[in-house]
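Count along the sequence shown from 1, add 4, and you get the number used in my numbering.
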Amino acid sequence: MARLSQGQRLQLNLKAPENSTRLFIFPPSDTAPALLEDSPEKFWSGRIGRSGNYEITIVPHKSDAVSYQLSLAIAKNVD
């Protein structure tokens, strides 16, 4: 979970073995589409459209345990 403000820029970097995880980023609203959903991507960057708690979920692609490292960088509003 990450508390983010509208206009901030989020950079997310996931270090995990190739094809081992799926990444989800859900915005604070149940009606808004996910920023990432069931994605094999390991990097995402974008501007936050709405303030609130963003849920970041990492799921193993198979049932095996996976070691990973998640890094988040959040930049202030820049206009």
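Think of the CB as a built atom: it goes at the ideal place given N, C-alpha and C, for glycine as much as any other residue.
With C-beta atoms as the reference, is residue i less than 9 Å away from residue j?
i      : j      : result
Pro-44 : His-65 : yes
Phe-28 : Leu-14 : no
Leu-8  : Ser-55 : yes
Ala-10 : Gly-53 : Note on residue identity: the sequence assigns Gln, not Ala, to residue 10. Yes, the pair counts as a contact, with Cβ atoms nearer than the cut-off.
Ser-67 : Pro-21 : no
Considering only the alpha carbon of each residue, which of the options lies closest to residue i?
i      : options                       : result
Thr-25 : Lys-46, Glu-59, Pro-37        : Lys-46
Ser-33 : Asn-81, Met-5, Asp-68, Tyr-58 : Tyr-58
Trp-48 : Asp-68, Lys-19, Ala-69        : Lys-19
Bridge partners for residue i per DSSP, in chain order?
i      : result
Arg-7  : Asn-57
Gln-15 : Ser-49, Ala-77
Between residue i and residue j, how many whole angstroms is the CB-CB distance? I'm expecting something under 8 Å.
i      : j      : result
Ile-62 : Leu-16 : Incorrect: roughly 10 Å between the Cβ atoms, too far for contact.
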